[in-house]
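The sequence shown begins at 1 in the UniProt record's numbering and counts up one residue at a time.
Virtual Cβ for every residue (Gly too), placed ideally from N, Cα, C.
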Amino acid sequence: MALPLPSTTSRFPLSPPLFSTRTSRLTIVSAITSEKKSRRKKKQKPQPDSDDEQPSSSSTPSYQSISALSAAEKGLRFAFMEELMERARNRDSAGVADAIYDMVAAGLSPGPRTFHGLVVSHSLNGDIEGAMRSFRRELSAGLQPLHETFVALIRLFGSKGYATRGMEVLAAMEKLKYDIRMAWHILVEELISNNYLKEANVVFLKGAQGGIRATDELYDRMIEEDCKAGDHSNALTISYEMEAAGRMATTFHYNCLLSVQATCGTPEVALATFENMEYSGFDSMKPDTESYNWVIEAYTRAETYDRVQDVVELVGMMLEHHKRLQPNARTYALLVECYTKYSLVNEAMRHFRALKRIPGGINVLYNEGNFGDPLSLYLRSLCLEGRIPELLEALEAMSNDGQPIAPRAMIVNRKYRTLVSSWIEPLQEEADPGFEIDYIARYIEEGGLTGERKRWVPRRGKEPLNPDALGFEYSCPMETSFKQRCLEESRTYYLKILKTLRNEGPSILGDVSNTDIIRVVERLRKLITVPIRKAVRQPKAASKMLVSELREELEGQGLPTDGNRTVLYQRVQKARRINRSRGRPLWVPPIEEKEEEVDEYLEELISRIKLQDGNTEFWRSRFMGEGTNGNTEKEIETEDEDDDIKALNNEDDDATEEEDEDTEEKEVEEDDLDTEAEAEIVEEADESQMVGKEKDDVGGGPPQEMIGLQLLKDWDESPSSKKSSKKLSRVYENDDDEDWFPEDTIEAFKELSNRGYFKPSDMYTIADAWGWTWEKELKCRKPEKWSQEWEIDLSIKIMHKVIELGGTPTIGDCAMIVRAAIRAPLASAFPVILQTTHSLGYVLGSPLYDEVISLCLDLGESDAAVAVVADMETNGIKVTDEILDRVLSTKRGDQSTRGPEIEL
1 MALPLPSTTS
11 RFPLSPPLFS
21 TRTSRLTIVS
31 AITSEKKSRR
41 KKKQKPQPDS
51 DDEQPSSSST
61 PSYQSISALS
71 AAEKGLRFAF
81 MEELMERARN
91 RDSAGVADAI
101 YDMVAAGLSP
111 GPRTFHGLVV
121 SHSLNGDIEG
131 AMRSFRRELS
141 AGLQPLHETF
151 VALIRLFGSK
161 GYATRGMEVL
171 AAMEKLKYDI
181 RMAWHILVEE
191 LISNNYLKEA
201 NVVFLKGAQG
211 GIRATDELYD
221 RMIEEDCKAG
231 DHSNALTISY
241 EMEAAGRMAT
251 TFHYNCLLSV
261 QATCGTPEVA
271 LATFENMEYS
281 GFDSMKPDTE
291 SYNWVIEAYT
301 RAETYDRVQD
311 VVELVGMMLE
321 HHKRLQPNAR
331 TYALLVECYT
341 KYSLVNEAMR
351 HFRALKRIPG
361 GINVLYNEGN
371 FGDPLSLYLR
381 SLCLEGRIPE
391 LLEALEAMSN
401 DGQPIAPRAM
411 IVNRKYRTLV
421 SSWIEPLQEE
431 ADPGFEIDYI
441 ARYIEEGGLT
451 GERKRWVPRR
461 GKEPLNPDAL
471 GFEYSCPMET
481 SFKQRCLEES
491 RTYYLKILKT
501 LRNEGPSILG
511 DVSNTDIIRV
521 VERLRKLITV
531 PIRKAVRQPK
541 AASKMLVSEL
551 REELEGQGLP
561 TDGNRTVLYQ
571 RVQKARRINR
581 SRGRPLWVPP
591 IEEKEEEVDE
601 YLEELISRIK
611 LQDGNTEFWR
621 SRFMGEGTNG
631 NTEKEIETED
641 EDDDIKALNN
651 EDDDATEEED
661 EDTEEKEVEE
671 DDLDTEAEAE
681 IVEEADESQM
691 VGKEKDDVGG
701 GPPQEMIGLQ
711 LLKDWDESPS
721 SKKSSKKLSR
731 VYENDDDEDW
741 FPEDTIEAFK
751 ELSNRGYFKP
761 SDMYTIADAW
771 GWTWEKELKC
781 RKPEKWSQEW
791 EIDLSIKIMH
801 KVIELGGTPT
811 IGDCAMIVRA
821 AIRAPLASAF
831 PVILQTTHSL
841 GYVLGSPLYD
851 EVISLCLDLG
861 ESDAAVAVVA
871 DMETNGIKVT
881 DEILDRVLST
891 KRGDQSTRGP
901 EIEL
């Protein structure tokens, strides 16, 4: 049944190009109508004038003969139609035409179904002209086409993108009183399926504005396809038409609109749509995970100012609805991209650990290299921050998901070191591969003379690094060394320990004396105030040096040491001027670092202090006043001990002033505390542990309070709260109970909880809401102490993992790791490092090989020396006769020491 029209005019008016010029449309419609009337007249029998008049038997055939003829005709027509439709399904247009000719020869007139088969055969072949000839032939025969015939033509026009001709067919159908709703649907769907979205929008909007109601599936598909193509205007118009037709927009439709708005570069537009969803009164319109993803993407990839705070607010809103929705791999990938972009490495690592637990999550983060390749930027940021265990963890996650490393992640700095070794001290120094380097030839090869070798200039603010910028590989920022990062993490950890001891009181250590408590505090303060970067040592003035000291400096640089003091003095001064002009560090006498003796008793006392970071149950009970220590202040220091603590504070301040300027400006990311803030916290810890006459409470210092308690106290104590107190008195003046609200803070919160205003169960962290079971352990884990052996082991693992993922370390990486193993010294690492170096096709200089083999022999590791020599001979590297004789003699000596082997 056709839908009522809003006006007398047709929704799809006819236009001249559809039909032939010999027969107009009005003539066709009138011919079909007159043909119907003539057929009705032929079927009507003449009525006799009287009941007595009967038809003669000679002029009229008998009933039996008529039945026999009609049955035979029906059977013959059915046989022809069956053959005709079979050929039409097989797209045999010529066969269908032959069947029609056979029907005519047999005395059967073709009907509408016969011509329908002919039109369908041409339509299946995509022959528009053949289909139209068959259609005109049907009209010229005076037949009215079937509804299915019009649909076949519309499907054909839609597949070819002829939207105008399709609308003309719809107009013709409407003139013949056919239901055009299904045909309109088919035309729109065919246009969409064949990538004629612009024409589909025109046809759809013309029909929708004319009063035709589309199906829910068609509305959804039109909006989705428009949004995929970035046509926000048409998608919004179709959404309005859908709502006008009586169907409200759902989360799906809003997400489609957000997908377009997220890429327009103006996140405020996406936020406005998101707020319409969030504050609507319908559950079917509430934002889901994909809604949050689109808005986070809009803020993350905006080219304007820093958008981290906006993303954090969105994450907070998402946490509030954690029982209804949870983040997916795309959410974590976008958050890692955002935090990496704005150099918030700690937050990026948290969400990366959540992402790697989702199968295929690393591939989502890589995003086929689009949007700056977030995975490569994340790897690079870990290297710049010196977080090497996390870097190895990321590479292992890439290996598990089968994600190869991108070439831009292997960024070479100006000293030809990649993320494999650029974090090993000394930083920004080119490794010595054991042979001379022609720096001038390399400079010319890099385009230094032609100006192609650009110099990278860092951008201001917290904007992300752009490794694709010209000149980045020749002047990239300096990394944080792995050793420095370990010291920073250790300081942060012991700072947390000291704060916990201050807040919980001495009772957390157990039954210990005041002297032990003082020793623990001093030990923690000493661990906290260790300088992260040691000041650069300067050599002694040459005029104040003794002859022995002058000769030691010259000998250390490989210069002659003969002559009197004047000659030695001039030689030292000349060597220093040359080093300064070439940018080399001045020679200073080496200092043997003495290992500090560890007091096991103090370490055991410190280990009793347990951190509660991420322990929601602990802080929930503490917030409600449960589990507080009743005796938090104990006499741990006397008045005589105050002077010692002040002296220690002064020493800490002196140590802090000696630190490098870069270290003073660098923030401690874990607690956002710099060196001065740490000193203040140490002083506050001392004051909280000192027992003086000024303190009123006998039990001890207050426990650590949540932010709610602090705000409540500040509100009560502030003089500006008089108006608020008057308002409260007016609100509760009718309360019968005058003491309805306890003055004690803890009791007040308990009363709020009992009245239903506040529930302790509402206290949760992001780890609780999103199921990060691993974060609690990571936050409270004691950082591992740096060692040269650990650094070499990590570098070897990263080198092998990078090669496994398709990366190629440079020869500078290999030489740097070899030099680090020499400094350790670690003889067992030489065979592994050199075998990997040779497998990459690199050959180091002979002096470096000689140094490695000699060191192995000096350390008594003859097996390692033999393995190095064997690998060199396998790769065709010449071994000097002196080194070879020394290795063989050492090997014979080892065998003679062991004695003859006994054969069993």
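{"Query": "Whole-number beta carbon distance between tyrosine 254 and threonine 273, since they are thought to touch under 8 Å", "Result": "6 Å"}
{"Query": "Backbone secondary structure at aspartate 438 - three-state DSSP", "Result": "coil"}
{"Query": "Cβ contact check for the stretch 335–348 and the stretch 374–388: 3 or more pairs under 8 Å", "Result": "yes"}
{"Query": "Per-residue burial, leucine 546 [other beta carbons within 10 Å of its own, 16 or more giving buried]", "Result": "exposed"}
{"Query": "Range covered by the alpha helix (DSSP H) that runs through glycine 316", "Result": "308–320"}
{"Query": "C-beta atoms of glutamate 504 and isoleucine 606 nearer than 9 Å", "Result": "no"}
{"Query": "Aspartate 850, enclosing alpha helix (DSSP H) - first and last residue", "Result": "846–858"}
{"Query": "Residue range of the alpha helix (DSSP H) that includes phenylalanine 482", "Result": "482–504"}
{"Query": "Cβ-based neighbour list, leucine 904, same chain, cut-off 6 Å, excluding 5 preceding and 5 following", "Result": "Because leucine 904 sits at a pLDDT of 28, beneath the cut-off of 50, its placement in the model cannot be relied upon, and the point is left open."}
{"Query": "Cβ neighbours of methionine 872 in the same chain (closer than 6 Å, five flanking residues each side left out)", "Result": "Val879"}
{"Query": "Of the listed residues Gly386, Val868 and His322, nearest to alanine 767 (C-alpha basis)", "Result": "His322"}
{"Query": "Delimiting residues of the alpha helix (DSSP H) encompassing glycine 130", "Result": "128–140"}
{"Query": "Alanine 262 in three-state terms, based on DSSP", "Result": "coil"}
{"Query": "Backbone secondary structure at valine 598 - three-state DSSP", "Result": "coil"}
{"Query": "Length of the line joining the Cα atoms of aspartate 283 and glutamate 290", "Result": "16 Å"}
{"Query": "Assumed close pair cysteine 856, alanine 865 - CB separation to whole angstroms, cut-off 8 Å", "Result": "4 Å"}
{"Query": "Range of the contiguous alpha helix (DSSP H) that encloses proline 389", "Result": "388–400"}
{"Query": "Chain-order list of residues whose beta-carbon lies under 6 Å from that of alanine 152 (same chain, five-residue window excluded)", "Result": "Val119, Val120 and Ser123"}
{"Query": "Cβ distance (whole Å) where isoleucine 388 is taken to contact phenylalanine 482 below 8 Å", "Result": "5 Å"}
{"Query": "Span separating the alpha-carbon of asparagine 370 from that of methionine 398", "Result": "17 Å"}
{"Query": "Rounded straight-line distance, which links the Cα of arginine 89 to that of tryptophan 294", "Result": "47 Å"}
{"Query": "Residue interval of the alpha helix (DSSP H) (run including isoleucine 362)", "Result": "361–366"}
{"Query": "Residues of its chain near serine 20, where Cβ-Cβ distance is below 6 Å and the 5 sequence neighbours each way are ignored", "Result": "Here serine 20 scores only 32 on pLDDT, less than 50, and its place in the model should not be relied on; the value that follows carries that caveat. Here the set comprises Arg136."}
{"Query": "Reduced DSSP secondary structure (H/G/I, E/B, other) of glycine 806", "Result": "coil"}
{"Query": "Terminal residues of the alpha helix (DSSP H) in which lysine 544 lies", "Result": "First-last for lysine 544: undefined, no H or E at that position."}
{"Query": "Separation of glycine 841 from threonine 874, as counted between CA atoms", "Result": "13 Å"}
{"Query": "Delimiting residues of the alpha helix (DSSP H) encompassing glutamine 209", "Result": "197–209"}
{"Query": "CA-to-CA distance, glycine 210 to tyrosine 178, given in whole angstroms", "Result": "16 Å"}
{"Query": "Per-residue burial, arginine 324 [other beta carbons within 10 Å of its own, 16 or more giving buried]", "Result": "exposed"}
{"Query": "Test item: CB-CB of tryptophan 770 and proline 327 under 9 Å", "Result": "yes"}
{"Query": "Check whether glutamate 803 and threonine 836 have beta carbons under 9 Å apart", "Result": "Before going on, a small fix: residue 803 reads as isoleucine here, not glutamate. Cβ distance < 9 Å, so isoleucine 803 and threonine 836 count as in contact."}
{"Query": "Range covered by the alpha helix (DSSP H) that runs through serine 193", "Result": "181–193"}
{"Query": "For asparagine 346, the three-state DSSP class (helix, strand or coil)", "Result": "helix"}
{"Query": "For aspartate 885, three-class secondary structure by DSSP", "Result": "helix"}
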